[in-house]
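Residue numbering for the sequence shown is 100 to 276, as defined by my numbering. Ideal placement from N, C-alpha and C gives every residue a C-beta, glycine not left out. Predicted, not measured: the structure shown is a model, and the values here were computed from it.
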Amino acid sequence: MENLEKNLFIKGRKIMGIEQLLILIKPDGIKKSLTGNILTKLSESRMVIIGAKAVKVSRDLAEVHYCHLKDKPFFNELLDYIQGKIYGEPWDRVLAFVYQGEDAVLRMRKIAGATNPEEADQVSIRGSYGRITTKGVYENVIHCSLDTSEAAREIKLWFKPGEIVKEIYPVKKIIVE
Ligand code: ADP
100 MENLEKNLFI KGRKIMGIEQ LLILIKPDGI KKSLTGNILT KLSESRMVII GAKAVKVSRD
160 LAEVHYCHLK DKPFFNELLD YIQGKIYGEP WDRVLAFVYQ GEDAVLRMRK IAGATNPEEA
220 DQVSIRGSYG RITTKGVYEN VIHCSLDTSE AAREIKLWFK PGEIVKEIYP VKKIIVE
């Protein structure tokens, strides 16, 4: 994460605002066979993937990831949801990605859509594929880091340093003259 939000220089040109963020395709996205559709929509951002893996989410990981919501009435249902408990095998997992690119967080949040799928833009991922369960949890098929400090915390939580591609080449591809 050393390069996060740092100005980068390549061949004397200054590259601003290169960010990284965590994307999760949640268990409902996997269960509904939406992985391909979601990745296609995310690819419109022209960001690069620098980390990717499938994760069976432990209770501990779920609790730490969503620690900011621990006092919410839907917290336990939310943990069950991100762990895929309501779906069971083989849907009880998430696909985790680290994306990198210019203004990555803001641009990906726009593609992901609002938290409440019923309020999300119809063309966004959450607006297209999300729903609210009978228990009131927003099943919105994707997690997308809220801001760069949350992104830094989440990437550290979900990925070991060796699991993230370190090369600088993705940055070169998005140089704006
Ligand atoms: P986001 O995922 O957009 O960053 P939050 O961190 O606030 O939003 O919420 C985490 C997840 O908890 C949401 O993606 C959604 O699945 C669920 N959630 C958030 N707020 C509510 C709510 N008011 N009612 C039900 N589920 C919610």
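Indicate the three-state DSSP secondary structure (helix, strand or coil) for residue i in the structure shown.
i: V193; result: strand
i: G226; result: helix
i: L160; result: helix
i: L256; result: helix
i: I210; result: helix
i: A153; result: strand
i: G261; result: helix
i: A251; result: helix
What residues are listed by DSSP as bridge partners for residue i?
i: E118; result: G200
i: E238; result: R230
i: D147; result: Residue 147 is actually Val in this sequence, not Asp. The partner list for V147 (beta bridge, DSSP) reads Q199.
i: L123; result: A195, H242
Count the other C-beta atoms from every protein chain shown that fall within 10 angstroms of the C-beta of residue i, then say buried if there are 16 or more, exposed otherwise.
i: V275; result: Because V275 carries a pLDDT of 44, less than 50, the predicted location of this residue cannot be relied on, and the following value inherits that uncertainty. Classification of V275: exposed, given that the 10 Å Cβ count is below 16.
i: C140; result: Reading off the sequence shown, one finds Lys at residue 140, where the question assumed Cys. Label assigned to K140: buried.
i: L205; result: exposed
i: A153; result: exposed
i: P172; result: exposed
i: I224; result: buried
i: E118; result: buried
i: G216; result: It should be pointed out that residue 216 corresponds to Pro in this sequence rather than to Gly. P216 is buried by the Cβ-count criterion.
i: Q221; result: exposed
i: H167; result: exposed
i: G229; result: buried
i: L121; result: buried
For residue i, report the span of its alpha helix (DSSP H) as first-last.
i: E246; result: The identity of residue 246 in the sequence shown is Asp, whereas the question assumes Glu. Neither: D246 is in no alpha helix (DSSP H) and is coded neither H nor E.
i: G135; result: 134 to 142
i: Y180; result: 174 to 181
i: D127; result: 126 to 130
Worksheet item: Is there contact here, the region 123 to 130 with the region 236 to 245, by at least three beta-carbon pairs under 8 angstroms?
Response: The count of Cβ pairs closer than 8 angstroms, one atom from the region 123 to 130 and one from the region 236 to 245, reaches three, so the stretches are in contact.
Discussion item. Pairs of beta-carbons, one from the region 205 to 214 and one from the region 176 to 192, closer than 8 angstroms: are there three or more?
Written reply: Two segments are said to touch when three or more pairs of C-beta atoms, one from each, lie closer than 8 angstroms; by this definition the region 205 to 214 does not touch the region 176 to 192.
Worksheet entry | Cβ contact check for the region 192 to 201 and the region 136 to 151: 3 or more pairs under 8 angstroms | Below 8 angstroms, enough C-beta pairs join the region 192 to 201 and the region 136 to 151 to call them touching: three or more.
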